[in-house]
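**Student:**
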Amino acid sequence: MKINVIGTSGSGKTTLARRLAERLSVPYIEMDALYWRANWQGISDEELFALLKEKLNATPDWVLDGNYNRTRAVKWQDVDMVVWVDYGFARTVRQALRRAITRAWRKEELWPGTGNRESFRQSFFSRESIIVWTLKTWRTNRARYEADLVNPAFAHIRFVRLRSPRQVEVFLANGIN
Numbered sequence: 176m177k178i179n180v181i182g183t184s185g186s187g188k189t190t191l192a193r194r195l196a197e198r199l200s201v202p203y204i205e206m207d208a209l210y211w212r213a214n215w216q217g218i219s220d221e222e223l224f225a226l227l228k229e230k231l232n233a234t235p236d237w238v239l240d241g242n243y244n245r246t247r248a249v250k251w252q253d254v255d256m257v258v259w260v261d262y263g264f265a266r267t268v269r270q271a272l273r274r275a276i277t278r279a280w281r282k283e284e285l286w287p288g289t290g291n292r293e294s295f296r297q298s299f300f301s302r303e304s305i306i307v308w309t310l311k312t313w314r315t316n317r318a319r320y321e322a323d324l325v326n327p328a329f330a331h332i333r334f335v336r337l338r339s340p341r342q343v344e345v346f347l348a349n350g351i352n
């Protein structure tokens, strides 16, 4: 099974994607780990598409964590299921805030070998703030994903929309297949 877990930053998609990959005993692929290099430098779209294709074709089954909407033609070509973590605005922002504080406090490297760590300054007082990103993208992501659900180009994909932690737990317990 090939699954892409999507949702606005802070929604919990990474946590769900990791749990899902572990439950299914399939590789977990994180889009951010593919994209980000040292000093918060992203790679070109050409490099990202090639690396994504390589990772997705390396194994028959996987769970892919991430949006990167510009990669849809690659990641959704053969995907079986797209799981959308669609929590409400307040919950998503609260979770993004908690994550930003935790990451800034712990100063843990986010993706091995990159040296990238979040800081309080970056998380709360910069244009690249994940909080600002969450606030800016929640509504547009939701509109985009709602359109995807009914888009004939994606009729081959089984979409699962999870709107609460309870629905996530039910899905993990019995809704994967």
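Take the sequence shown: its letter number 155 is residue 330 in my numbering, and every next letter is one higher.
Beta carbons: idealized from backbone N, C-alpha and C, even for Gly.
Note that the coordinates shown come from a computational prediction; the quantities given were computed from them, not determined experimentally.
Give the secondary structure of Arg296 by DSSP, where H, G and I count as helix, E and B as strand, and everything else as coil.
**Tutor:** If you number the sequence shown from 1, residue 296 lands on position 121. DSSP places Arg296 in helix when its eight states are reduced to three.
**Student:** Could you tell me which of Val201, Asn291, Asp261 sits nearest to Ser186, measuring between CA atoms?
**Tutor:** Locating residue 186 in the sequence shown gives position 11, where the first residue counts as 1. With distances taken between Cα atoms, Ser186 lies closest to Asp261.
**Student:** Roughly how many angstroms lie between the CA atoms of Thr277 and Leu285, to the nearest whole one?
**Tutor:** Position 102 of the sequence shown holds residue 277. Position 110 of the sequence shown holds residue 285. Approximately 12 Å, taken between the alpha carbons.
**Student:** Strictly by DSSP, which residues pair up with Met256?
**Tutor:** Against the sequence shown, residue 256 aligns to sequence position 81. Paired residue(s): Ile178, Arg333.
**Student:** Just the C-alpha distance for Thr183 and Val268, rounded to the nearest angstrom, thanks.
**Tutor:** On the sequence shown, residue 183 is found 8 positions in, with the first residue counted as 1. On the sequence shown, residue 268 is found 93 positions in, with the first residue counted as 1. So the two alpha carbons sit approximately 9 Å from each other.
**Student:** Less than 9 Å between the beta carbons of Asp323 and Val258, yes or no?
**Tutor:** By one-based count along the sequence shown, residue 323 stands at place 148. By one-based count along the sequence shown, residue 258 stands at place 83. For Asp323 and Val258, no; Cβs fall outside 9 Å.
**Student:** Less than 9 Å between the beta carbons of Arg333 and Asp255, yes or no?
**Tutor:** Counted from its first residue, the sequence shown places residue 333 at position 158. Counted from its first residue, the sequence shown places residue 255 at position 80. A contact, by the Cβ cut-off of 9 Å.
**Student:** Could you give the residue range of the alpha helix (DSSP H) that holds Tyr320?
**Tutor:** Along the sequence shown, one-based indexing puts residue 320 at 145. Start and end: 305-325.
**Student:** Ala328 to Asn244, Cα distance in whole Å?
**Tutor:** Along the sequence shown, read from residue 1 onward, the residue named residue 328 stands at position 153. Along the sequence shown, read from residue 1 onward, the residue named residue 244 stands at position 69. The straight-line gap from Cα to Cα measures roughly 15 Å.
**Student:** By a C-beta neighbour count over all protein chains shown, 10 Å radius and 16 as the cutoff for buried, is Glu205 buried or exposed?
**Tutor:** The sequence position of residue 205 within the sequence shown is 30, counting from 1. Under this definition Glu205 is a buried residue.
**Student:** Strictly by DSSP, which residues pair up with Val238?
**Tutor:** On the sequence shown, position 63 is the one that residue 238 refers to. BP columns for Val238 point to Ile178, Tyr203.
**Student:** Is the separation between the beta-carbon of Leu337 and that of Leu195 shorter than 9 Å?
**Tutor:** Here residue 337 refers to the residue found at position 162 when the sequence shown is read from its first residue. Here residue 195 refers to the residue found at position 20 when the sequence shown is read from its first residue. Against a cut-off of 9 Å, the Cβ pair of Leu195 and Leu337 comes out as no contact.
**Student:** Spell out the partners DSSP gives Trp211 in its beta bridges.
**Tutor:** Locating residue 211 in the sequence shown gives position 36, where the first residue counts as 1. Per DSSP, Gly217.
**Student:** Note down, in chain order, each residue of its chain lying with its Cβ closer than 8 Å to the Cβ of Leu116, except the 5 sequence neighbours on either side.
**Tutor:** The structure shown does not extend to residue 116, since the chain is modelled only from 176 to 352, so the question has no answer here.
**Student:** Taking the alpha-carbon of Trp313 as reference, which of Ala265, Tyr210, Ala225, Asp240 has the nearest alpha-carbon?
**Tutor:** Taking the first residue of the sequence shown as 1, we reach residue 313 at position 138. The shortest Cα separation from Trp313 among Ala265, Tyr210, Ala225, Asp240 belongs to Ala265.
**Student:** In the DSSP assignment, find the alpha helix (DSSP H) that holds Arg338 and state where it starts and stops.
**Tutor:** Counting from 1 along the sequence shown, the entry for residue 338 is found at position 163. Unbroken run through Arg338: none, as it is neither H nor E.
**Student:** Rounding to the nearest angstrom, what Cα-Cα distance links Ser200 and Arg193 in this structure?
**Tutor:** By 1-based counting over the sequence shown, the position of residue 200 is 25. By 1-based counting over the sequence shown, the position of residue 193 is 18. Roughly 10 Å between the two C-alpha positions.
**Student:** Under the assumption that Leu239 contacts Asn179 (Cβ atoms under 8 Å), give the Cβ distance between them as a whole number of angstroms.
**Tutor:** Counted from its first residue, the sequence shown places residue 239 at position 64. Counted from its first residue, the sequence shown places residue 179 at position 4. That pair is a contact at about 5 Å.
**Student:** Would DSSP call Asn232 helix, strand or coil?
**Tutor:** Locating residue 232 in the sequence shown gives position 57, where the first residue counts as 1. Helix.
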